[in-house]
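These notes are about the structure you will find just below.
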Amino acid sequence: MANEREKEAAGRAAAKLVRDGDIVGLGTGSTAYFAVVALGERVKSGLKMVGIPTSIATADLARQLGIPLTTLDEHPEIDITIDGADEIDPKLNLIKGGGGALLREKVVASVTKKMVVVSDSTKIVPALGKFPLPVEIIPFARTVIEKRIASLGATTKLRTKLDGQPFVTDNGNQILDCSFGRIADPPALARELSETVGVVEHGLFIGFAKLALVGTGSTVRQVRRKQLPISRRGSRPRLSGRARPANRRPERVQPKVSRPKPERQKRRQS
Numbered sequence: 001m002a003n004e005r006e007k008e009a010a011g012r013a014a015a016k017l018v019r020d021g022d023i024v025g026l027g028t029g030s031t032a033y034f035a036v037v038a039l040g041e042r043v044k045s046g047l048k049m050v051g052i053p054t055s056i057a058t059a060d061l062a063r064q065l066g067i068p069l070t071t072l073d074e075h076p077e078i079d080i081t082i083d084g085a086d087e088i089d090p091k092l093n094l095i096k097g098g099g100g101a102l103l104r105e106k107v108v109a110s111v112t113k114k115m116v117v118v119s120d121s122t123k124i125v126p127a128l129g130k131f132p133l134p135v136e137i138i139p140f141a142r143t144v145i146e147k148r149i150a151s152l153g154a155t156t157k158l159r160t161k162l163d164g165q166p167f168v169t170d171n172g173n174q175i176l177d178c179s180f181g182r183i184a185d186p187p188a189l190a191r192e193l194s195e196t197v198g199v200v201e202h203g204l205f206i207g208f209a210k211l212a213l214v215g216t217g218s219t220v221r222q223v224r225r226k227q228l229p230i231s232r233r234g235s236r237p238r239l240s241g242r243a244r245p246a247n248r249r250p251e252r253v254q255p256k257v258s259r260p261k262p263e264r265q266k267r268r269q270s
């Protein structure tokens with residue numbers, strides 16, 4: 001119950017960030033649900049917005065709540081997206097896809113000006129990897145992809161429904177839940193998976209989120225992406241060694257000009 005209260009608090013706080021006229025990406029999952037519900041209440045109170053859902057389930061919920069919907073074809077740029085996450089690290093790198101909508105979620109995130117992640121306090125982790133990483137694949141290549149992912153150090157499990165049949169995404173694909181353990185280098189793993197033929201998308205969201213709203217007890221905590229430190233007075237950061245910024249003009253060195261010495265006159269012989 002405590003987690004549910006934290007999720008609701010975070011979702012409602014995020015819904016307050018939406019302004020009149022915004023194109024809003026509507027996330028999928030247990031925490032994003034509360035944000036969509038809160039947006040439905042705001043729409044009934046007069047908020048003018050349109051939503052782009054990241055799943056069929058979210059689209060159905062939005063319609064029930066009276067939230068007007070649109071598509072990426074009509075609005076290829078999104079003002080703000082509110083979505084949940086399964087894990088969030090200190091750099092706001094995410095593992096997503098527990099709800100099975102990672103492909104559409106990442107498409108929406110990629111065209112969003114501001115992505116806000118909502119979660120309860122249990123989702124904040126020092127490093128990604130305790131939660132199995134969802135990888136969406138085409139069924140035709142499942143065995144090949146399982147071997148490839150195993151070579152990267154993970155164990156894989158095909159996601160199934162309660163009846164034991166494979167879970168099928170909104171896009172007609174399957175999901176492998178991949179247990180890597182602690183992921184030391186999320187960007188590197190993301191590149192490896194993206195380059196694997198047959199992988200449609202993976203649940204590593206690197207550099208998308210700008211703000212996380214985290215329900216913590218009775219409050220909501222803001223977590224912003226850590227940025228590189230900026231030196232004081234607007235000066236450039238110091239460079240190690242003798243490196244020189246590429247756009248800095250080299251100092252002009254005046255060439256030394258050797259002047260001929262005057263010839264000594266020979267003494268006249270007396």
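Position one of the sequence shown corresponds to residue 1 (the working numbering), numbered consecutively onward.
All C-beta atoms in this analysis are idealised placements derived from N, C-alpha and C, irrespective of residue type, glycine included.
Write down the C-beta distance between residue 77 and residue 111 rounded to the nearest angstrom, noting that I regard them as a contact closer than 8 Å.
As a first step, residue 77 is located in the sequence shown; it is residue number 77 there, counting from the start. As a first step, residue 111 is located in the sequence shown; it is residue number 111 there, counting from the start. The Cβ separation is near 6 Å, so the contact holds.
In chain order, what residues of the same chain have a beta carbon less than 6 Å from the beta carbon of residue 15, not counting five sequence neighbours either side?
Here the question's residue 15 lines up with position 15 in the sequence shown. Within its own chain, the residues whose Cβ lies closer than 6 Å to the Cβ of residue 15, once the five positions on either side in sequence are excluded, are 35, 38 and 39, listed in chain order.
From the DSSP output, which residues share a beta bridge with residue 201?
Within the sequence shown, residue 201 is the residue found at index 201, counting from 1. Beta-bridge pairing by DSSP links residue 201 to 136.
Per-residue DSSP class, three states only, for residue 216:
The sequence position of residue 216 within the sequence shown is 216, counting from 1. Correct three-state label for residue 216: strand.
Tell me, please, whether the CB atom of residue 197 is closer than 8 Å to any CB atom in chain D?
No chain D appears in this structure, which consists of one protein chain only.
Which term fits residue 222, buried or exposed, when burial requires 16 or more other beta carbons within 10 angstroms of its beta carbon?
Indexing the sequence shown from 1 puts residue 222 at position 222. The residue is exposed, with fewer than 16 neighbouring Cβ atoms inside 10 Å.
Mind checking which residues open and close the beta strand (DSSP E) that includes residue 23?
To locate residue 23, count along the sequence shown from 1; it is residue 23. For residue 23, the enclosing beta strand (DSSP E) has its first and last residue at 22-26.
By alpha-carbon positions, which one of 219, 212, 153 and 218 ends up nearest to residue 32?
As a first step, residue 32 must be located in the sequence shown, where it is residue number 32. In terms of Cα proximity to residue 32, the closest of 219, 212, 153 and 218 is 212.
With a 10 Å radius around its C-beta and 16 neighbouring C-beta atoms as the bar for buried, classify residue 1 as buried or exposed.
Position 1 of the sequence shown, counting from 1, holds the residue named residue 1. Burial is judged here by how many other beta carbons sit within 10 angstroms of a residue's own beta carbon; residue 1 has fewer than 16 and is exposed.
Residues bridged to residue 157 by DSSP?
Residue mapping note: residue 157 aligns to position 157 of the sequence shown, counting from 1. Note: residue 157 sits in a beta bridge opposite 177.
Where does residue 84 fall in DSSP's three states?
The count along the sequence shown starts at 1 and reaches residue 84 at position 84. Strand.
Given a threshold of 16 other Cβ atoms within 10 Å of its Cβ, counted over all protein chains shown, does residue 171 qualify as buried or as exposed?
As a first step, residue 171 must be located in the sequence shown, where it is residue number 171. Within a 10 Å sphere around the beta-carbon of residue 171 sit fewer than 16 other beta-carbons, which makes this residue exposed.
Quick one: what does DSSP say residue 106 is sitting in, helix, strand or coil?
Counting from one through the sequence shown, the residue named residue 106 turns up at place 106. Helix.
Considering only the beta carbon of each residue, do residue 179 and residue 154 sit closer than 8 Å?
Against the sequence shown, residue 179 aligns to sequence position 179. Against the sequence shown, residue 154 aligns to sequence position 154. Yes, the pair counts as a contact, with Cβ atoms nearer than the cut-off.
Using alpha carbons as the reference points, say which of 148, 48 and 30 lies closest to residue 299.
The displayed coordinates of the chain run from 1 to 270. Any statement about residue 299 would go beyond what the structure contains.
Mapping the DSSP letters down to three states, classify residue 229 as helix, strand or coil.
Position 229 of the sequence shown, counting from 1, holds the residue named residue 229. Residue placement at residue 229 is flagged as unreliable, the pLDDT there being 38, under the threshold of 50; the coordinate-derived value follows with that caveat. Note: residue 229 maps to coil in three-state DSSP.
Please list the segments of the alpha helix (DSSP H) lying wholly inside the region 28-80, counting only runs of 4 or more residues, in order along the chain.
Qualifying alpha helix (DSSP H) stretches, in chain order: 30-44 and 56-64.
Alpha carbon to alpha carbon, how far is residue 147 from residue 105?
Taking the first residue of the sequence shown as position 1, residue 147 is located at position 147. Taking the first residue of the sequence shown as position 1, residue 105 is located at position 105. Their Cα atoms are separated by approximately 26 Å.
Flag this pair as yes or no: are the beta carbons of residue 17 and residue 209 separated by less than 8 Å?
Residue numbering aside, residue 17 sits at position 17 when the sequence shown is read from its first letter. Residue numbering aside, residue 209 sits at position 209 when the sequence shown is read from its first letter. No, they are not a contact pair.
What number of angstroms, rounded off, separates the C-alpha of residue 9 from the C-alpha of residue 218?
Along the sequence shown, one-based indexing puts residue 9 at 9. Along the sequence shown, one-based indexing puts residue 218 at 218. Those two C-alpha atoms are separated by around 8 Å.
Whole-Å CB distance - residue 135 paired with residue 203, under 8 Å assumed
On the sequence shown, position 135 is the one that residue 135 refers to. On the sequence shown, position 203 is the one that residue 203 refers to. The pair is a contact, with the Cβ atoms about 7 Å apart (cut-off 8 Å).
Rounded to a whole number of angstroms, what is the C-alpha to C-alpha distance between residue 94 and residue 56?
Locating residue 94 in the sequence shown gives position 94, where the first residue counts as 1. Locating residue 56 in the sequence shown gives position 56, where the first residue counts as 1. Rounded to whole angstroms, residue 94 to residue 56 spans 22 Å at the Cα level.
Work out the CA separation of residue 144 and residue 150 for me, nearest whole Å.
Taking the sequence shown and counting its residues from 1, the one referred to as residue 150 is at position 150. Taking the sequence shown and counting its residues from 1, the one referred to as residue 144 is at position 144. If I take the Cα positions, the gap works out to 10 Å.
Would you report the Cα separation of residue 119 and residue 108, rounded to the nearest angstrom?
In the sequence shown, the residue the question calls residue 119 occupies position 119. In the sequence shown, the residue the question calls residue 108 occupies position 108. Residue 108 has its alpha-carbon roughly 18 Å from the corresponding atom of residue 119.
Under 7 Å Cβ to Cβ from residue 181, same chain only, skipping five residues before and after it: list those, please.
For this step, residue 181 is matched to residue 181 along the sequence shown. So the qualifying residues of the chain are 129.
I need the straight-line Cα distance from residue 241 to residue 96, nearest angstrom please.
For the purposes of this step, residue 241 is identified with residue 241 of the sequence shown, where counting begins at 1. For the purposes of this step, residue 96 is identified with residue 96 of the sequence shown, where counting begins at 1. In this prediction, residue 241 scores a pLDDT of 36, lower than 50, which makes its location untrustworthy; the coordinate-derived value is nonetheless stated afterwards. When the Cα atoms are used, residue 241 and residue 96 turn out to be separated by approximately 41 Å.
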